[in-house]
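Protein chains in written order, with this note's numbering: chain A, 1 to 224; chain B, 225 to 448. Note that beta-carbon positions come from the ideal geometry of N, C-alpha and C, so glycine has one too. See below for the structure under consideration.
Number of protein chains: 2
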Amino acid sequence: MGPRKTTTRERLITTAAELFWRQGYAQTGVNEIIQQARATSGSFYHFFPAKEDLLMAVIDHMSEKLQVEVFEGSDNTVADPIERLFSVLSAYRRYLAANDFVFGSPLASLAAEVSENHPAVREKLSEFVEGWTSQIEGLLTDAGPRLPVNTDRRVLARFIVNAMEGGVLQARVSRSAAPFDASVTQLRTHFDLLQNDVESPKAPSLPVRSTPRREPPVGDWKAW
Amino acid sequence: MGPRKTTTRERLITTAAELFWRQGYAQTGVNEIIQQARATSGSFYHFFPAKEDLLMAVIDHMSEKLQVEVFEGSDNTVADPIERLFSVLSAYRRYLAANDFVFGSPLASLAAEVSENHPAVREKLSEFVEGWTSQIEGLLTDAGPRLPVNTDRRVLARFIVNAMEGGVLQARVSRSAAPFDASVTQLRTHFDLLQNDVESPKAPSLPVRSTPRREPPVGDWKAW
DNA sequence: GTCTATACCCTGATAGAC
DNA sequence: GTCTATCAGGGTATAGAC
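Below you can see the structure in the form of structure tokens.
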């Protein structure tokens with residue numbers, strides 16, 4: 001492959017990605033995308049039969065970009081899996097802070113806006129989140145005996161993703177990085193405690209709580 | 225105050241609240257709201273000069289409803305502050321599960337969709353989140369010596385809110401309660417560990433980590 | 001406060017020449 | 001593949017009688 005100029009299709013996708021991210025899907029008109037991408041209506045509908053088809057392409061584009069800039073853009077010289085995890089979180093923060101957190105999570109916004117109205121979009125976003133969760137779960141598995149044996153790696157991975165995504169959302173709404181940083185700080189504490197628990201595994205057998213813990217029946221909605 | 229029928233204004237707000245929650249703000253047309261509320265265009269614009277004014281009223285309505293159904297709808301016979309917290313989380317789960325989690329967080333969706341385009345809306349949503357965070361922080365403060373002395377109650381409260389809101393979002397996208405429940409389960413573990421830490425506070429002074437912890441400079445974006 | 005009718009604009013999408 | 005011109009429809013919002 002020789003040197004290659006940006007194609008119209010690529011420009012449509014990248015500019016749409018940015019506009020959707022900033023303003024949302026519904027708020028962004030096709031005309032606006034066309035203008036800003038220096039394209040025409042004819043080109044647009046040549047590549048994308050409908051606006052939703054562009055949306056699907058945008059999600060693919062964003063997924064790939066996030067994968068590259070955050071996961072692979074983190075300090076992958078870090079050998080320790082847990083420190084590697086925090087390196088990823090740090091890369092995510094850098095990515096978001098580059099826009100002062102105002103754009104929020106690139107895909108979570110779309111999830112909230114269009115997941116109900118466009119089933120295919122919801123499906124794609126779901127796969128993306130699962131992918132990230134699995135990657136984090138992989139790091140936790142690599143941590144091996146560093147974490148207590150009874151730690152459910154998948155639950156912990158989901159927990160981390162939730163705390164981060166929630167943090168981004170609140171950061172955007174409150175126009176402050178504090179909510180995001182609270183998640184990272186407390187996650188660090190969480191891991192410190194988990195690792196202490198490995199060292200002295202007898203302690204947690206005497207909980208202070210008054211009521212017994214109830215394990216939620218996962219997948220069973222209406223219960224509890 | 226005697227018995228009172230529902231006013232047109234109220235019907236407009238409640239039906240709009242549900243429609244915004246389900247479909248998003250932009251996807252919901254004024255006509256749709258008017259029809260479903262059995263009102264007319266004239267009434268609508270009599271009460272609300274513009275669609276955005278209705279949105280503001282809807283947010284107020286949702287905030288109040290959430291406060292009543294979740295916080296006050298939780299089991300407030302529970303005296304222990306920490307168990308009280310988990311009672312609130314349980315009430316929140318009940319509230320969401322009543323719609324099979326498909327609607328997501330009533331206000332977070334709006335936050336993601338319209339926060340950038342409507343500054344006044346963003347401000348109102350920010351205040352709402354702060355209110356909830358403060359209420360949770362209050363419970364944590366009430367827990368007093370049950371938590372380690374060096375625990376920043378505000379950071380922990382933010383962390384909890386983040387984990388819950390993130391969980392709701394992923395639950396909606398993945399059409400499964402599992403992500404939400406993962407947050408609750410792991411938060412329970414987190415509190416167990418924190419309380420163990422109170423009992424044997426010497427243990428955490430020997431962390432396994434290889435690199436020193438970095439406290440993030442809150443409010444200072446571009447750093448780290 | 002509520003009704004009907006309607007203005008006016010911007011939307012996504014199409015047609016057909018080049 | 002790209003262009004211009006244009007369509008049909010739904011969007012928010014208004015006017016004015018009752």
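Using a Cβ-Cβ cut-off of 8 Å, A/M164 counts as an interface residue toward chain B, since at least one Cβ of chain B sits closer than that to its own.
For A/S176, no alpha helix (DSSP H) segment is defined, and its DSSP state is neither H nor E. B/Y316 and B/D405 have their C-alpha atoms some 11 Å from each other. Those residues of the stretch 413-427 of chain B placed with their C-beta closer than 9 Å to a C-beta in chain A are T413, H414, F415, D416, L417, L418, Q419, N420, D421, V422, E423, S424 and A427, ordered along the chain.
Excluding five sequence positions before and after B/V282, the CB atoms of its chain that fall closer than 7 Å to its own CB belong to I237, A240, A241 and F244, given in chain order. Cβ atoms of A/A163 and B/A332 stay farther apart than 8 Å, at about 14 Å. Below the 9 Å Cβ cutoff, chain A contributes no neighbours of B/N300, its closest Cβ being approximately 15 Å away.
A/R154 places its beta carbon less than 8 Å from that of A/E137. Nearest to A/T7 by alpha-carbon distance, out of A/A178, A/A39 and A/L89, is A/A39. Residue burial is scored here from C-beta neighbours: A/S41 has fewer than 16 other C-beta atoms within 10 angstroms and is therefore classed as exposed. Along the length of the stretch 99-164 of chain A, whole alpha helix (DSSP H) runs at least 4 residues long occupy 108-114 and 119-142, reported in chain order.
Closest in C-alpha terms to B/G328, from the list A/F101, A/V102, A/S115 and A/L96, comes A/S115. The alpha-carbon of A/D197 is positioned some 30 Å away from that of A/V70. Using a Cβ-Cβ cut-off of 8 Å, B/Q247 is close to E116 and N117 of chain A, given in chain order. Proximity of B/S267 to chain A, defined by a Cβ-Cβ separation below 8 Å, is not satisfied. Contact of B/V397 with chain A by beta-carbon distance below 7 Å involves A111, S115, R122, L125, S126 and V129.
Burial is judged here by how many other beta carbons sit within 10 angstroms of a residue's own beta carbon; A/P49 has fewer than 16 and is exposed.
Going by DSSP, B/K229 is part of no alpha helix (DSSP H) at all; its letter is neither H nor E.
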